[in-house]
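Chains as they are written, first to last, in my numbering: chain A, 1 to 306; chain B, 1001 to 1306. Cβ atoms here follow ideal geometry from the backbone N, Cα and C, with glycine treated the same way.
2 protein chains.
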Amino acid sequence: MILGVGDDAAVVRARPLCVTSIDTMVEGVHFHLGGDWADAAEVGHRALAGALSDLAAMGAEAGEAYVALGLPKGFTEDEALALIAAAADLAEETGATIAGGDVVAAPALMITIAAVGWAESPEQLVRRDGAKVGDAIGVTGELGAAAAALAVLEGRAPRSPGAQPALARARQPVPRLREGRALAGAGAHAMIDLSDGLATDAGHIGRASGVELCIDAAALPLAAGVAEVAAALSLEPWRLAAVGGEDYELCFCVSSAERGPVERALTATGGAGVSWIGEVGEGAPGCTVSAEGSDPLRVEGFEHRW
Amino acid sequence: MILGVGDDAAVVRARPLCVTSIDTMVEGVHFHLGGDWADAAEVGHRALAGALSDLAAMGAEAGEAYVALGLPKGFTEDEALALIAAAADLAEETGATIAGGDVVAAPALMITIAAVGWAESPEQLVRRDGAKVGDAIGVTGELGAAAAALAVLEGRAPRSPGAQPALARARQPVPRLREGRALAGAGAHAMIDLSDGLATDAGHIGRASGVELCIDAAALPLAAGVAEVAAALSLEPWRLAAVGGEDYELCFCVSSAERGPVERALTATGGAGVSWIGEVGEGAPGCTVSAEGSDPLRVEGFEHRW
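Right under this line is the structure:
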């Protein structure tokens, strides 16, 4: 970084490709403050994790984060500093730098983060539109913790000891940056991060690639605590894993023959492992999650536009 | 641009230096919607103008803008599209590209823009901290329209025909990108854009550079309508020019000997002209605006921190 916080703009030395995403979280919409809900530090961590997760999904290397905060009346300076400190901690863990920001008054706590990543060439990056019929579908880590935690926080499921691991995990999502780069290097054809939920996000890959992602509900890797919460909700556990947002794992499609190299590449990162959850078919573009004894869950995806 | 809206992140080919600023505007804080106040298109224009103005103040070339929108209940899709269309129009005029964004629900209209600019080398950019004793202080365009417009909109001054030009100008601020590059090329030692008001922003240069910016109130270029509104407020007109924010002109310091080349360089842009408004002295770091018959206005500036 040549010039950081304190001038009109930050200045950094660039690498050949600049990869940028912007994400906003708003109190009352994406999180609640206080009580059992989030504290300021958690909001800072989650906002940056979500922004960096988009870079992970491209296979980019994390660069800089620019943080715009809208602070409501009653939100203290200590809370604001705790929020930024948590984001700075995550930045340090992931090799990112908080290089600039803006602080304004707002009617509710709002945090927008523009995350900038870098790559050397287009071939190092993975888009959504490259999935091929016959590809294996993989997912990193475990799913469903965020949906389970939400059910507990909203009082739809009891705060039992069994639910605690899901709550803990949902409070501290990990952007899968190393895994994203490893998957890009191992030849993933298409990749997305799970911010809206596996079925929806896999549907985006399907729609962008013109293929059907056929996912086997029984193969979904469940985070600790998900089965307990699902039982309390009288739901099959896979539904929390397939539909819940904000798990921030990566879903990707890769040649079936490359599954071994992908597993080795992920192991080498020391990070999350992989589960193989289905196959790319030539049905209607989108995503279908099939489970024995249930109707399949079908998501068409949608086109982003404005 | 290699990859735009619709994947996890946008991808653009970089140039050697990446110059980035992030700015937020919130309804009820930075603007009001409806009636005589702003409409959606004006909000889109002003938000992007403010973000690009920071790039102008560095002497950077405009690159991409990433737009995060928080939309309140009752804000229609047509309004959202008008907001984006106005930003897209300004982007086209200035050579910028809206390359990504996010849209969420929010309790009030909020818009955060991360503006990314580019430069070939650090020498092409101008910081705040290079002002030297003896430098001439220049400002582009005219000042005070935004403060005059605010006084009218808040009902502190009448909506007289004489005030109309200030209102019109305040609704459509122009980021001085060409002027910023020309000033950087002509050897400006320090530069800032006027978002908080001339005295405050010049105070930032003074504090960052360890010098006193001595400004002559009588030399301030007044925008059309400012004198009329000032009279209605029983204020000396220079006060609106010195204190009002959001004029988005550029204030800069340059060797006294370079005034001729600076004037020619600005003329060559076909954009705003220059007024010479003072000189850099060795007094206490900050900015002092002196006017005959009044106490001087003194701003120390402050350090940005978090």
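Residue interval of the beta strand (DSSP E) (run including residue i)
i, result
"W276(A)", "274–281"
"T1024(B)", "1017–1026"
"D1193(B)", "1190–1193"
"V289(A)", "286–290"
"L1071(B)", "1061–1071"
"E1212(B)", "1212–1216"
"R1178(B)", "Element bounds for R1178(B): not the beta strand (DSSP E) but the alpha helix (DSSP H), 1177–1185."
"V1243(B)", "It is not in any beta strand (DSSP E) - V1243(B) instead sits in the alpha helix (DSSP H) that spans 1237–1243."
"T76(A)", "Note, T76(A): premise wrong, no beta strand (DSSP E); not H, not E."
"I137(A)", "136–140"
"V43(A)", "That residue, V43(A), is in no beta strand (DSSP E); its alpha helix (DSSP H) goes 40–58."
"R156(A)", "Unbroken run through R156(A): none, as it is neither H nor E."
"L1250(B)", "1250–1254"
"R1298(B)", "1297–1299"
"R1013(B)", "1010–1013"
From the options, residue whose alpha carbon lies closest to that of residue i
i, options, result
"A14(A)", "A91(A), A136(A), W118(A)", "W118(A)"
"V1133(B)", "V1229(B), L1048(B), G1028(B), I1205(B)", "I1205(B)"
"S1255(B)", "A1105(B), A1184(B), L1003(B), G1074(B)", "A1184(B)"
"G1210(B)", "V1280(B), A1047(B), A1010(B)", "V1280(B)"
"M191(A)", "Q124(A), E300(A), G101(A), V103(A)", "Q124(A)"
"T269(A)", "T200(A), G203(A), R181(A)", "R181(A)"
"A65(A)", "L81(A), G95(A), A272(A), A241(A)", "G95(A)"
"G1101(B)", "L1150(B), G1034(B), A1068(B), A1040(B)", "A1068(B)"
"H30(A)", "A1051(B), T1267(B), D1007(B), V1104(B)", "V1104(B)"
"R1127(B)", "R1159(B), D1089(B), A1257(B), D1054(B)", "D1054(B)"
"A1223(B)", "I1215(B), R1207(B), Y1248(B)", "Y1248(B)"
"A1062(B)", "E1120(B), M1025(B), G1035(B)", "E1120(B)"
"G283(A)", "E246(A), I215(A), G260(A), W238(A)", "I215(A)"
"L1081(B)", "L1297(B), E1042(B), A1060(B), G1006(B)", "E1042(B)"
"D7(A)", "D1008(B), T1020(B), D1078(B)", "T1020(B)"
"M1025(B)", "C1253(B), E1246(B), V1229(B), T1267(B)", "E1246(B)"
"L1033(B)", "A1060(B), T1076(B), L1177(B), D1089(B)", "T1076(B)"
"P1161(B)", "Q1172(B), V1229(B), P1173(B)", "V1229(B)"
"P16(A)", "A38(A), A60(A), A168(A), T267(A)", "A60(A)"
"C253(A)", "L52(A), A38(A), M58(A), P72(A)", "M58(A)"
"Q1172(B)", "E1079(B), E1093(B), E1212(B), D1078(B)", "E1093(B)"
Where the alpha helix (DSSP H) through residue i begins and ends
i, result
"L1167(B)", "1164–1171"
"G1100(B)", "Unbroken run through G1100(B) is the beta strand (DSSP E), 1097–1105; no alpha helix (DSSP H)."
"V1029(B)", "From DSSP, V1029(B) is part of no alpha helix (DSSP H); its letter is neither H nor E."
"A1148(B)", "1145–1153"
"G1259(B)", "Sequence check: residue 1259(B) is Arg here, not Gly. Taken as a continuous stretch (DSSP letters only), the alpha helix (DSSP H) holding R1259(B) covers 1259–1269."
"G117(A)", "Unbroken run through G117(A) is the beta strand (DSSP E), 110–119; no alpha helix (DSSP H)."
"A1231(B)", "1226–1232"
"L1198(B)", "1198–1209"
CB of residue i within 7 Å of CB of residue j, strictly
i, j, result
"A1309(B)", "G1244(B)", "No information on residue 1309(B) is available, as it lies outside the stretch 1001 to 1306 that chain B covers here."
"A157(A)", "L233(A)", "yes"
"C1018(B)", "V12(A)", "yes"
"D108(A)", "E27(A)", "Note that residue 108(A) is Ala in the sequence shown, not Asp. Yes, Cβ-Cβ distance for A108(A) and E27(A) is below 7 Å."
"A1139(B)", "S1275(B)", "Ala is not the amino acid found at residue 1139(B); the sequence shown has Val there. Closer than 7 Å, so yes."
"P175(A)", "A49(A)", "yes"
"A1166(B)", "G1225(B)", "yes"
"A1106(B)", "G1070(B)", "yes"
"A1148(B)", "L1235(B)", "no"
"E1142(B)", "P1221(B)", "yes"
"V1289(B)", "A1199(B)", "yes"
"A56(A)", "D196(A)", "no"
"E258(A)", "G187(A)", "yes"
"E179(A)", "A40(A)", "no"
"L1083(B)", "G1035(B)", "no"
"G1144(B)", "V1299(B)", "no"
Contact belief for residue i with residue j at Cβ below 8 Å, rounded distance in angstroms
i, j, result
"I1002(B)", "T1112(B)", "That belief does not hold up - the Cβ atoms of I1002(B) and T1112(B) are roughly 24 Å apart, past 8 Å."
"A99(A)", "A10(A)", "4 Å"
"G278(A)", "A219(A)", "7 Å"
"A1163(B)", "V1152(B)", "5 Å"
"A1217(B)", "A1291(B)", "4 Å"
"R1207(B)", "P1285(B)", "5 Å"
Contact residues within the segment 195–227 of chain A, judged by C-beta distance below 7 Å to chain B: none
Give, in chain order, every residue of the segment 1019–1043 of chain B whose Cβ lies closer than 9 Å to some Cβ of chain A. V1019, T1020, S1021, I1022, D1023, T1024, M1025, V1026, E1027, G1028, V1029, H1030
Using Cβ-Cβ distances below 8 Å, what residues of the segment 1084–1113 of chain B are close to chain A? I1084, A1099, G1100, G1101, D1102, V1103, V1104, A1105, A1106, P1107, A1108, M1110, T1112
Which residues, in order along the segment 46–66 of chain A, keep a beta-carbon less than 9 Å from a beta-carbon of chain B? S53, D54, L55, A56, A57, M58, A60, G63, E64, Y66
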